[in-house]
Amino acid sequence: KQFKAMMEMQRKMLKENPEMFEQMMKSNPAMAGLSRKQLEERLDMMADMDPERLKSMMGVAQKVSTVVQPMMTLWQKFDKCVCGQGKNIAVAGISIFTWYWIDYFFL
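Numbering (the working numbering), first residue to last: 747 to 853.
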C-alpha cells in the first residue's frame, strides 16, 4: 500500500511539475538516460503491478545492490589507479582471455 501511494504521488508530481520530476529521476544513475515518456511508462508499469511481485522484485533489487556496490567501489578505485584507463585494460584482458579460450578449445 505504501509503495502504491508513493507511486501515485510520483505520478502526480510528474503531471504537475514534470521538470522537477525529470531532474529528480535524472539524478538516479539507473534512470539518467530515460526520456519523459519512458519514465511515465515505468511508473505506470510499477503502479499496476501485483504487490507481492513488486515486493519480490524490490527484495531482489536490494540483494543485487548489496552485491554490486562493493564491486563498483573496487572498480572505481582500480580505474583511478590506472588513470581512467580501466575500460581499456578490461577490454584488453577480456580479449586476451577470449583468444586463449578459443585457442585452447577450438584450435
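C-beta atoms are modelled at their ideal positions from N, C-alpha and C, and glycine is treated no differently.
| query | result |
| --- | --- |
| At least three beta-carbon pairs within less than 8 Å, the region 785-792 to the region 755-763 | yes |
| Cut-off 7 Å between Cβ atoms - residues of its own chain near Ala-778, not counting five sequence neighbours on either side | Lys-772 |
| Run of the alpha helix (DSSP H) containing Lys-756, from where it starts to where it stops | Position check: residue 756 holds Gln in this sequence, whereas Lys was assumed. Note, Gln-756: alpha helix (DSSP H), 748-762. |
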